[in-house]
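Input: a single structure, listed below in C-alpha cells.
Protein chains: 2
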Amino acid sequence: MKVMRAVNTKQCAPIIYALLQLIIFYAGLNAVKGVWPLPHALTSSVEQYPLNPQTFAFDYGKHSATQQGCSLLDAAFRRYFSLIFPDYTAGRWTEEFLKSSKIYCSVGFPDNLSVSAGQASLNAATVWGILRGLETFSQLVYQDDLGSYFVNETFIEDFPRFQFRGVLLDTSRHYLPVHAILKTLDAMSYSKFNVFHWHIVDDPSFPYQSRSFPELSKKGAFHPATHVYTQSDVRRVISYARMRGIRVLPEFDSPGHTGSWGKGQSDLLTPCYKGGAPSGTFVTSVFPDSYIHLGGDEVDFSCWRSNPHVRAFMQKMGFGGDFPKLEAFYIENIVNITSANNKTSIVWQDVFDYHERVGAHQDFTVLVEVWKHGCYLCKVRQVTKAGLRVILASPWYLDLPGPTHNWARYYTVWPLAFPGSEKQKRLVIGGEVCMWGEYVDATNLFPKLWPRASAAAERLWSDEKQTSSVEKAFPRLEDFRCKLLRRGIQAGPLNVGHCKHEYQGV
Amino acid sequence: MKVMRAVNTKQCAPIIYALLQLIIFYAGLNAVKGVWPLPHALTSSVEQYPLNPQTFAFDYGKHSATQQGCSLLDAAFRRYFSLIFPDYTAGRWTEEFLKSSKIYCSVGFPDNLSVSAGQASLNAATVWGILRGLETFSQLVYQDDLGSYFVNETFIEDFPRFQFRGVLLDTSRHYLPVHAILKTLDAMSYSKFNVFHWHIVDDPSFPYQSRSFPELSKKGAFHPATHVYTQSDVRRVISYARMRGIRVLPEFDSPGHTGSWGKGQSDLLTPCYKGGAPSGTFVTSVFPDSYIHLGGDEVDFSCWRSNPHVRAFMQKMGFGGDFPKLEAFYIENIVNITSANNKTSIVWQDVFDYHERVGAHQDFTVLVEVWKHGCYLCKVRQVTKAGLRVILASPWYLDLPGPTHNWARYYTVWPLAFPGSEKQKRLVIGGEVCMWGEYVDATNLFPKLWPRASAAAERLWSDEKQTSSVEKAFPRLEDFRCKLLRRGIQAGPLNVGHCKHEYQGV
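Residue numbers (the UniProt record's numbering), protein chains in the order written: chain A, 1 to 506; chain B, 1 to 506.
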C-alpha cells in the first residue's frame, strides 16, 4: 500500500463523468439499462462492449488528485468489482492487469468531462463524487442470458439536486442488530443517500452504551448486553458509513422523548423533568460528524406543568406559565452547548414553532426538519421565510398506514412547490425518509424500506422535470429493485412480476 | 427401524392429552407461559420441573396403537426435540435413555385422559392429534436466564373448533421458492393450521410443470427453468406438509383466471375461451388429497360474449344469452370430472352465486369458499341455508391495504355470528387466511403472514368465549411471536418491544 493521501472535502460536490469506448469487441442492439436515481444527463448508444472480470480493473487517472493508497477509493474499487461481477469470486488487483480494460477514476476535476479513446473514465471533484459515479457505473453493467457482462457506450453528467438525502432508522422502539444497520448503509449508497439519521434512543429504550453514563443503557435498554450499541459498534457504523460517503447524524431526542433516560439516571427525569439541560458533550467525542440532531419534538407540557420544581424555575426565570418559552430556553441552551462543540444543530419543526411563538429565533442557526402532515409546504415556506434551512420529512414517513405498496406516493413529492423567493428555495437543503420503529424491526425493515425509499432518493437526487412521470419511472424502478435483490437487499415487490435472480434468503 | 405401522386416519379428530408430574426436581414460582392457539382447557401450577436435553426423550406409550417405526411420529419426535431444546444440537434417540425423563405418546385413545405419576403423557385418537399435542407441549417448555429448560405442572384438554384451518399462498403473481413454501408449512404447524391452499397458477404465470401439458409452464411460467415447480418439488411439498399434519389443496382456478394457460396451450384459450372444459384428471395423480379447489371466481362474461364459438355453443345448449348458465354448466362438468376422480370440489363463492341465479345447486355437493367483502356473514347464512358447507376467507385477506400492523382485525372475527339453525352453523367447516401475491414474494412473505395469520389460527382453533378479548390475547401473541423468531420464522413485530432472541437473518 502506498501512503494514503487524505481527501476530506466533506461537501457533496457536483460530479461529472464520462464512460466511453471501452475496448470494442462487439456491437449489439441492447439499450443501456436504467440507472436509479436518474442521472442529470445520460446519452447512450446501442454500441455494446463486453466486460471480462478477468481483465477488467479500476484504476486512478494519471492526473488524479488521489492515487492508489487512498483507502476509501481502494476499498470502493474492490466493493464495486464484486457488485459488478456477482458471479465472479476472485476479485483481483495486481500489476498483471496493467494492460487490461480499465476505468480510470480521477479526483480533482470539477465540472470537467474526461473522455479517452478505448477506455472509460470517471471524473469528479471529490472522492465522494467518485463513489456516486462508481454506483452509476455498476448499474450500467448487465449480463446476457449466458452470463457474460456488457456495458453500452454511455455518456453521463450528474450531480445531486439536494445536498441532504437522509434515511432515519429508529433503534429505540425496536433494537436493530448492527449488521442490519450496515446492510441499510449498503442499500443507501445504492440509492445515493448520504445521511444516516440515527434516532438511537427514545422513550421505549436507550440502547446507546454511553461511556460517561453507563447506567443509561444498563437500565434503559431492552437488554443491557444483547440490545445495546457499544462504543465499538458505533465506531464501526460511522466508519462503514463514511466508506460509502454517508455521514452519521446522531439524534438524542430531548426533552420530549426521554422516557428511557430516567431508568438509568434517576436525577435526569424526576416526575417529570427538573429543567437541567443534559449536556451534549458526552456524544461529541463519539460522533465526529459536524451535525447533531437534537430532537425537540412532541414535548408534553402537561408533564412539566405537573412538576412544582419546573413551575418554580419558570417563576425565577420570569417565564410565568409560558411553557413554549421554557422549551425555547432549554433548546437554546443545548444549541449553545453543541455550538461550543463545533456542531450544527438540527431540530424537529416543533422547536421552530415554539420559538416562533416566543419570537426568539433571530440569532438561531438551527436546521429545521419539517415532519408534520397536512400542508407541510406551508411550514417549509414559513421556516425558509424566517431564513432558516429546511430538511423535508413529512411526505416520507414510510411507517404510516395506508396502501403501503404504493411507492408512487413517495415519488410524487415536489419539495419546492411553494410560493417563495429563490433564496427561500435554496434554504431547502434536502429531505429524509423516516422509518419509525413501532412496527418495524429486523424482520421487516428491508422490504418496508426498499425500494420505497429509493423513490424518495430519486426525488432528492434527480432533476424534477425529467422524473415527474410515475409511468416512466416504474420499469426503471422495477429493474433497480431486481438489482437490489441481486445484491442481497431484501427489497419488496412493486407489483406482479419477477426478477431473474429472486431473493433467496428465507 | 422397525416395521412401519400405517396410520391413515385423515380426519382431524379431537385430541385430549395430559402433561403431569414430570420428575420433580424443583418447585419454582414461574407460571406456565402462554400457548397459542389457546387450548380448550388448561390448568397449571407453579410447580416447575427442569428438563434436561441429555436425558429427555419422547417415547410411545405401551398401549399406543402406533409404536416406534411410525415414520410420521418418529420424525415429529426428532423435530420437536430440536424445537424444544434450540441450544442443544445433539438430539439423541437411543436405548440409554430408557430410564430417563420421558413423555409417553399414545395413539388410539380418543377422549381419554392419560395421567401417570412421575412422567408426562400425551394421548390422542390419531397421529395428527399427537402432532398438535407435541406443538402444545413444545410451547410449554421455557428457558430461565441461565439457559436451563423448564416445564410447569400442566393439564390440558384440547380439540379444534373448526376442522378446516387453511392458509392460501399465491405462486402465480410472484413465484415463491420451494424452501419458502416449506418454511411456511413449518410456521403453519406452529399455529395448528391444517390446510395449505396452493393457488398454484393464475393469470400472471403458470409455474406448475405438468407432465401431460409441459408447454403450460414452458411458456406460461415467468421463467421455464428457474420459476417452476417440478413434479418432484410438488411431491416434496406434499410430503413435507403431510409430515406436519397439513393437507395440500391445489387450486387450478378456471375459467376466470387462466390468462397464463393459453401461453402454452393455444387451443385452451383462443379469444377468449372455447368452452371445452379442461380435464381435471391431469392433477389427480400428482395431488393425492381428497379435496381440490376449482376456483371459479371473477369470470369475465364480456370476454365470453365476444367469442362467436361460445355464443354458438350456448345456442346449441339452449342457454340463450345467460352466461351464468354457461358458467354453471362448465363448473358442473368439472365437478363431475373431479367426483369421478373421488375428489371433493371447493369453489369460490362466485360459483354459488351463478348457480343460485340459475337454481341449479340441488345436487351440487361443492364446498363454498366465501371471500367477498361487505356482509360476508350474510353470504355464509345464504350458502348454509342452501345446505352447502362453507369455508370463510373474507375477513382474512391479509394483503388488503389498511393499518397492516393491526392484528386485532384478524382476531375479532366471529364466523358463526349469523342468524341460522344449529345445522347451518355446523356447515361452517372452517376458514382460511389468504395471502394474495400482488405485492408479496419471498422478500416480505413471512413478516406479512406471521403472526397475523396466527391471530386467525386462534379464532379457528380455540373456544370463542375464552378468546374474545384482544387485550388478553396480546401478551400471549407477543410471546408466541418471540417463539416464532426463535424457530427462525421471520414474524413481524406487533408493537414497540423486543424478544430475548431477535431475528438474526438479515
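Glycine residues also receive a C-beta, built at the ideal position from the N, C-alpha and C atoms.
Computed from a predicted model, the values in this text were never measured in an experiment.
Close beta carbons around residue 507(A), own chain, < 8 Å, minus the five adjacent residues each side: Outside the shown range of chain A, which is 1 to 506, sits residue 507(A), and nothing can be said about it.
7 Å Cβ cut-off: residues of chain A touching Ala491(B): Counted from its first residue, the second sequence places residue 491(B) at position 491. Result: Thr443.
Where Gln490(B) sits in the DSSP three-state scheme: Mapped onto the second sequence, residue 490(B) falls at position 490. DSSP places Gln490(B) in coil when its eight states are reduced to three.
Ile337(B) - containing alpha helix (DSSP H), residue span: Within the second sequence, the letter at position 337 stands for residue 337(B). Counting along the chain, the alpha helix (DSSP H) containing Ile337(B) begins and ends at 323 to 340.
Neighbouring residues, chain B, relative to His199(A) (Cβ below 9 Å): In the first sequence, residue 199(A) corresponds to position 199, counting from 1. Ordered by position in chain B, no residue passes the 9 Å Cβ test against His199(A), which lies about 13 Å from the chain.
Pick from Glu153(B), Tyr149(B), Leu146(B), Ser106(B) that is closest to Gly133(B), judged by C-alpha positions: The count along the second sequence starts at 1 and reaches residue 133(B) at position 133. Nearest C-alpha to Gly133(B): Ser106(B).
As assigned by DSSP and simplified to three states, the class of Asp170(B): Your numbering for residue 170(B) matches position 170 in the second sequence. Residue state, collapsed to three classes: strand.
Neighbourhood of Ala408(A) by C-beta, 7 Å cutoff - its chain only, sequence neighbours within 5 removed: If you number the first sequence from 1, residue 408(A) lands on position 408. Cβ within range, chain order: Val470.
Contact set for Asp59(A): own chain, Cβ-Cβ below 6 Å, skip 5 residues either direction: Within the first sequence, numbered from 1, the residue matching residue 59(A) stands at position 59. Lys102, Tyr104.
As assigned by DSSP and simplified to three states, the class of Leu176(B): Position 176 of the second sequence holds residue 176(B). Coil, per DSSP.
Helix, strand or coil at Pro308(B) according to DSSP, with G and I counted as helix: As a position in the second sequence, residue 308(B) is number 308, starting the count at 1. Pro308(B): helix per DSSP, three-state reduction.
Alpha helix (DSSP H) segment containing Lys423(B), residue limits: For the purposes of this step, residue 423(B) is taken as the residue at position 423 of the second sequence. Residues 422 to 426.
Rounded Cβ spacing between Glu438(B) and Val299(A) (contact assumed at less than 8 Å): As a working mapping, residue 438(B) is identified with position 438 in the second sequence. As a working mapping, residue 299(A) is identified with position 299 in the first sequence. At roughly 42 Å, the Cβ-Cβ gap does not stay under 8 Å, so Glu438(B) and Val299(A) are not in contact.
Nearest-angstrom beta carbon gap, Glu135(A) and Tyr190(A) [assumed within contact, 8 Å]: Here the question's residue 190(A) lines up with position 190 in the first sequence. Here the question's residue 135(A) lines up with position 135 in the first sequence. With a Cβ gap of about 6 Å, Tyr190(A) and Glu135(A) count as contacting.
For Ser44(A), the first and last residue of its enclosing beta strand (DSSP E): Taking the first residue of the first sequence as 1, we reach residue 44(A) at position 44. Where Ser44(A) is concerned, the enclosing beta strand (DSSP E) stretches over 41 to 51.
Residue of Val380(B), Leu168(B), Asn333(B) minimising C-alpha distance to Gln424(B): Here residue 424(B) refers to the residue found at position 424 of the second sequence. Among Val380(B), Leu168(B), Asn333(B), the Cα nearest to that of Gln424(B) belongs to Val380(B).
Whole-angstrom distance between Tyr175(A) and Asp74(A), CA atom to CA atom: Within the first sequence, the letter at position 74 stands for residue 74(A). Within the first sequence, the letter at position 175 stands for residue 175(A). So the alpha carbons of these two residues sit roughly 33 Å apart.
Range covered by the beta strand (DSSP E) that runs through Phe222(A): Numbered from its first residue, the first sequence carries residue 222(A) at position 222. Premise fails: Phe222(A) is in no beta strand (DSSP E) and is neither H nor E.
Cα-Cα separation between Gly488(A) and Tyr503(A), rounded to whole angstroms: Looking up residue 488(A) in the first sequence gives position 488. Looking up residue 503(A) in the first sequence gives position 503. Taking the straight line joining both Cα atoms gives about 7 Å.
Chain B residues whose Cβ lies nearer than 7 Å to that of Arg173(A): Here the question's residue 173(A) lines up with position 173 in the first sequence. Val496, listed in chain order.
Buried versus exposed, by CB contacts within 10 Å (16 or more), Lys465(B): Here residue 465(B) corresponds to residue number 465 of the second sequence, with the count starting at 1. By the 10 Å Cβ count, Lys465(B) comes out exposed.
Residues of its chain near Thr94(A), where Cβ-Cβ distance is below 8 Å and the 5 sequence neighbours each way are ignored: Working through the first sequence from its first residue, we reach residue 94(A) at position 94. Since pLDDT at Thr94(A) reaches only 45, below the 50 mark, its modelled position is unreliable, and no value is offered.
Rounded C-alpha distance that separates Ala125(B) from Gly245(B): What you label residue 125(B) is simply residue 125 of the second sequence in a count that begins at 1. What you label residue 245(B) is simply residue 245 of the second sequence in a count that begins at 1. Rounded to whole angstroms, Ala125(B) to Gly245(B) spans 14 Å at the Cα level.
Straight-line Cα distance separating Glu478(B) from Ile84(B): For the purposes of this step, residue 84(B) is identified with residue 84 of the second sequence, where counting begins at 1. For the purposes of this step, residue 478(B) is identified with residue 478 of the second sequence, where counting begins at 1. If you take the alpha carbons of Ile84(B) and Glu478(B), they lie about 18 Å apart.
Closer than 8 Å to chain A by CB, His223(B): Here residue 223(B) refers to the residue found at position 223 when the second sequence is read from its first residue. Yes, because at least one Cβ of chain A sits closer than 8 Å to the Cβ of His223(B).
Separation of Tyr354(A) from Val383(A), as counted between CA atoms: Translated into positions along the first sequence, residue 383(A) becomes position 383. Translated into positions along the first sequence, residue 354(A) becomes position 354. In a straight line, the C-alpha of Val383(A) is about 12 Å away from that of Tyr354(A).
DSSP beta-bridge partners of Ser106(B): Sequence index remark: in the second sequence, residue 106(B) carries index 106 (1-based). According to DSSP, Ser106(B) bridges with Asn123(B).
Chain A residues whose Cβ lies nearer than 9 Å to that of Gly505(B): Translated into the one-based positions of the second sequence, residue 505(B) becomes position 505. The answer, in chain order, is Ala442, Thr443, Gly505, Val506.
Chain A within 8 Å of Pro86(B), Cβ atoms only: Mapped onto the second sequence, residue 86(B) falls at position 86. With 8 Å as the cut-off, Pro86(B) does not count as an interface residue toward chain A.
Paired residues, beta bridge with Arg389(A) - DSSP: As a first step, residue 389(A) is located in the first sequence; it is residue number 389 there, counting from the start. Answer is Leu367(A).
Within 8 Å, strictly: CB atoms of Val195(A) and Leu140(A): The residue you call residue 195(A) lines up with position 195 of the first sequence. The residue you call residue 140(A) lines up with position 140 of the first sequence. Result no, Cβ atoms of Val195(A) and Leu140(A) do not sit closer than 8 Å.
Delimiting residues of the beta strand (DSSP E) encompassing Pro250(A): Taking the first sequence and counting its residues from 1, the one referred to as residue 250(A) is at position 250. Where Pro250(A) is concerned, the enclosing beta strand (DSSP E) stretches over 247 to 252.
Expected contact under 8 Å - CB spacing of Trp461(B) and Arg161(B) to nearest Å: Reading the second sequence from its first residue, position 461 is the one you call residue 461(B). Reading the second sequence from its first residue, position 161 is the one you call residue 161(B). Right, the Cβ-Cβ distance comes to about 6 Å (below 8 Å), so this counts as a contact.
His199(A) beta carbon less than 8 Å from that of Thr171(A): In the first sequence, the residue the question calls residue 171(A) occupies position 171. In the first sequence, the residue the question calls residue 199(A) occupies position 199. Yes.
Chain B contact residues for Glu438(A), given Cβ-Cβ distances below 7 Å: For this step, residue 438(A) is matched to residue 438 along the first sequence. Neighbours of Glu438(A) on chain B, chain order: Asn495, Val496.
Local Cβ density within 10 Å of Leu294(A), reported as buried at 16 or more and exposed below that: The sequence position of residue 294(A) within the first sequence is 294, counting from 1. Counting Cβ neighbours within 10 Å, Leu294(A) comes out buried, since at least 16 surround it.
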